[in-house]
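Numbers 1 to 538, taken from this note's numbering, label the letters of the sequence shown in order. Scroll down for the structure; my scribbles are underneath it.
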Amino acid sequence: MKRFKGLVIENFQSHERTEIVFSKGLNVFVGPSDSGKSAILRALRWVLYNQPRGSDFIRTGASRCRVTLILSDGTQIVRERSSSVNRYLIRDPRGKEQVFEGFGSDVPREVLEAHGMVPLQLDEDRELTLQIGQQLEGPFLLSESGGTRAKSIGRISGAHLLDLAQNQTAKDQRAVSSRIRFVEEEMARREEELKPYEGLPRLRKQLDRAAALREEAERKKEFLERLRGLKERWEDCQSEMLRERKRIASLEKVPEAEKIFSRLVEDGTRLIRIRKMADGWRKGREEKAHWQQVRFRTTRLGEGAQRIAEAERLLERLDRLRRLSNHRLLLARDMDRERRVVERTVSLSAAGLLVDDLGEAVLKLRKMEERRNRWVGMRGERAGVERTLRRLKRAEQAEALWGGLEASCRLFQSLKERRDRLEELRGRIEKGMRYIAEREEEIRRKSEEMIRAFERMGRCPTCGMRFGPDLLKHLSEELQGGESGAAAGKGDSSTSQGFGRGQRSAQSGGGQAGGAGTAGKGDPAGVGGARGGAGSPG
Numbered sequence: 001m002k003r004f005k006g007l008v009i010e011n012f013q014s015h016e017r018t019e020i021v022f023s024k025g026l027n028v029f030v031g032p033s034d035s036g037k038s039a040i041l042r043a044l045r046w047v048l049y050n051q052p053r054g055s056d057f058i059r060t061g062a063s064r065c066r067v068t069l070i071l072s073d074g075t076q077i078v079r080e081r082s083s084s085v086n087r088y089l090i091r092d093p094r095g096k097e098q099v100f101e102g103f104g105s106d107v108p109r110e111v112l113e114a115h116g117m118v119p120l121q122l123d124e125d126r127e128l129t130l131q132i133g134q135q136l137e138g139p140f141l142l143s144e145s146g147g148t149r150a151k152s153i154g155r156i157s158g159a160h161l162l163d164l165a166q167n168q169t170a171k172d173q174r175a176v177s178s179r180i181r182f183v184e185e186e187m188a189r190r191e192e193e194l195k196p197y198e199g200l201p202r203l204r205k206q207l208d209r210a211a212a213l214r215e216e217a218e219r220k221k222e223f224l225e226r227l228r229g230l231k232e233r234w235e236d237c238q239s240e241m242l243r244e245r246k247r248i249a250s251l252e253k254v255p256e257a258e259k260i261f262s263r264l265v266e267d268g269t270r271l272i273r274i275r276k277m278a279d280g281w282r283k284g285r286e287e288k289a290h291w292q293q294v295r296f297r298t299t300r301l302g303e304g305a306q307r308i309a310e311a312e313r314l315l316e317r318l319d320r321l322r323r324l325s326n327h328r329l330l331l332a333r334d335m336d337r338e339r340r341v342v343e344r345t346v347s348l349s350a351a352g353l354l355v356d357d358l359g360e361a362v363l364k365l366r367k368m369e370e371r372r373n374r375w376v377g378m379r380g381e382r383a384g385v386e387r388t389l390r391r392l393k394r395a396e397q398a399e400a401l402w403g404g405l406e407a408s409c410r411l412f413q414s415l416k417e418r419r420d421r422l423e424e425l426r427g428r429i430e431k432g433m434r435y436i437a438e439r440e441e442e443i444r445r446k447s448e449e450m451i452r453a454f455e456r457m458g459r460c461p462t463c464g465m466r467f468g469p470d471l472l473k474h475l476s477e478e479l480q481g482g483e484s485g486a487a488a489g490k491g492d493s494s495t496s497q498g499f500g501r502g503q504r505s506a507q508s509g510g511g512q513a514g515g516a517g518t519a520g521k522g523d524p525a526g527v528g529g530a531r532g533g534a535g536s537p538g
């Protein structure tokens, strides 16, 4: 059972700071009037039950008051109030604090559980504090009214539950009766509102019948559309049948036509074969003539290059001459137009018009004079070009020669690429020969080191046989001779193979330079032929 251990009052009514330590048993406060005895009871009632309300009990001149109740188990209940603070604080024996704010006129449940002095609730708006009495209050319940005493005894004995049940039952009965009256009135009102809709079932049946008729009409309409479509298709089929009958009648001679067509197909097949053979023969002749021309033209590349340069110059002059001629025609048209303008202006009698057009005519005359001078210069240049063209009697042959020179240039480019490829292959061969020589030198050096190692060891590391001077000399000769012979054999075979291809390519070149011979069939790769061609002309 908990009891009061101490009470600390700060700025509560007449107490600035008062600390009270309670003893076990009965505690009595004695002293003269207005010394603060009743204030102690009010402070205790305030911290226990949050009474009295408001903030009038704060000491005059202070801004806040605080009352701390210390219980026997070490729990502290603190009630604090100021103009901005209104809270309870519970501090347990371990020092852990709980702060409660915003509880209004009630007491937080945790505070009541902490001190265990719960007031007795008589009804909704009245409660009785059995553990603490007011000043000048009579003995327990004797000063209260009969109803209060009856409620208190009933609350203590449990009879209040019967009163509560009776009151709640009466309240529920009144609520149910009110609800029944409301529902009956609502039903009557709804029935009055539904009277205009008594014919709805009949209208519903009519609506269903109308919907069925509408669906039937839609189905018949769709059926009618299908019938119309079928009628149109039937008419189309009749027309198609008439056309097919006419076509069948016109195809009575199909078997004979099929025979004729078969013969035509066979003749066409034979004609295609003959045309292919003719095309192959013609292409062979053209290719033969082409390569003969290439062979002939490659012998005169220098003269062809000079003629190409001269033809390019002539073409440039010819193009410039054509532009000048076109410009001359434009000038002639301008002069003719200006002459017509002058002829028209001569016949005018208005002097004002002559004065207005005189400046423009002068400017145009100057431009015409400049154009005339340019035209005279162009005529001279054209005469020079014509003289040059007369010196070239065979311009058409020059154009044909230009086409041949283009083919020769392409051939020259191909030969140049093959020459570059040949140089690359020669470089790679030289690099390979250097690599072989380096490896032979390394093999010789390693062989000498192995012979010297055998001389130092004096016996074979595998079988244990002793080495004599003759055996080591023979072994050295075998190692050096075998490796050099093998390398020499490889070099001879590759060299002879390459030069053999070159000779065959030179022979197939037909008396031209060996480089041209690589285009023949002697060497598909072109390597050996290029090497042989570089040696000597065919």
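Where is the CB? At the ideal position from N, CA and C, for every residue including glycine.
For residue j and residue i, believed in contact at Cβ under 8 Å, the rounded distance
i    : j    : result
V111 : I77  : 6 Å
R541 : R459 : The shown model of the chain, from 1 to 538, leaves out residue 541, and the question about it has no answer.
D73  : P93  : 7 Å
S447 : S476 : 7 Å
A328 : W375 : Rather than Ala, the amino acid found at residue 328 in this sequence is Arg. That belief holds up - the Cβ atoms of R328 and W375 are roughly 5 Å apart, short of 8 Å.
K37  : G31  : 6 Å
Buried versus exposed, by CB contacts within 10 Å (16 or more), residue i
i    : result
T68  : buried
Y197 : exposed
H474 : exposed
V346 : Residue placement at V346 cannot be trusted, given a pLDDT of 49 that sits under 50; the coordinates are not used to answer.
S349 : Interpretation of S349 is limited by its pLDDT of 46, a score under 50 that renders its predicted location unreliable; the figure taken from the coordinates is listed afterwards. Under this definition S349 is an exposed residue.
R79  : buried
W291 : exposed
A488 : Residue placement at A488 is flagged as unreliable, the pLDDT there being 41, under the threshold of 50; the coordinate-derived value follows with that caveat. Looking at its Cβ environment, which holds fewer than 16 other Cβ atoms inside 10 Å, A488 is exposed.
C237 : exposed
L422 : buried
W281 : exposed
F12  : buried
R434 : exposed
R418 : buried
K246 : exposed
K283 : exposed
K431 : exposed
K151 : buried
Alpha-carbon to alpha-carbon, residue j and residue i
i    : j    : result
Q51  : I180 : 45 Å
L48  : S35  : 22 Å
S14  : S177 : 58 Å
R202 : E235 : 49 Å
T148 : A170 : 22 Å
E10  : N86  : 15 Å
E97  : R91  : 4 Å
A62  : L161 : 47 Å
K205 : A188 : 27 Å
K288 : E244 : 59 Å
I156 : D163 : 13 Å
L71  : L7   : 9 Å
L315 : R322 : 10 Å
A217 : L230 : 20 Å
G515 : C409 : With a pLDDT of 36 at G515, under the threshold of 50, the predicted position of this residue should be treated as unreliable, though the coordinate-derived value follows. So the two alpha carbons sit approximately 15 Å from each other.
K259 : A249 : 19 Å
Under 8 Å between C-beta atoms of residue i and residue j
i    : j    : result
G133 : K2   : no
Q135 : L41  : yes
Q331 : R371 : The identity of residue 331 in the sequence shown is Leu, whereas the question assumes Gln. Cβ distance < 8 Å, so L331 and R371 count as in contact.
T75  : A114 : yes
P119 : Y88  : no
C65  : R45  : no
I451 : L472 : yes
R59  : E16  : yes
Continuous beta strand (DSSP E) stretch holding residue i: start and end
i   : result
Y88 : 86-91
L71 : 64-71
R53 : Where R53 is concerned, there is no enclosing beta strand (DSSP E), given that its DSSP letter is neither H nor E.
N27 : Careful: N27 lies outside any beta strand (DSSP E) and carries neither H nor E.
R79 : 76-82
V8  : 4-12
V99 : 97-101
Terminal residues of the alpha helix (DSSP H) in which residue i lies
i    : result
G229 : 200-250
V47  : 37-49
A112 : The amino acid at residue 112 is misidentified as Ala; the sequence shows Leu. Note, L112: alpha helix (DSSP H), 109-115.
Closer than 7 Å: residue i CB and nearest the ligand MG heavy atom
i    : result
L224 : Here there are no bound small molecules, and the ligand MG is not part of this structure.
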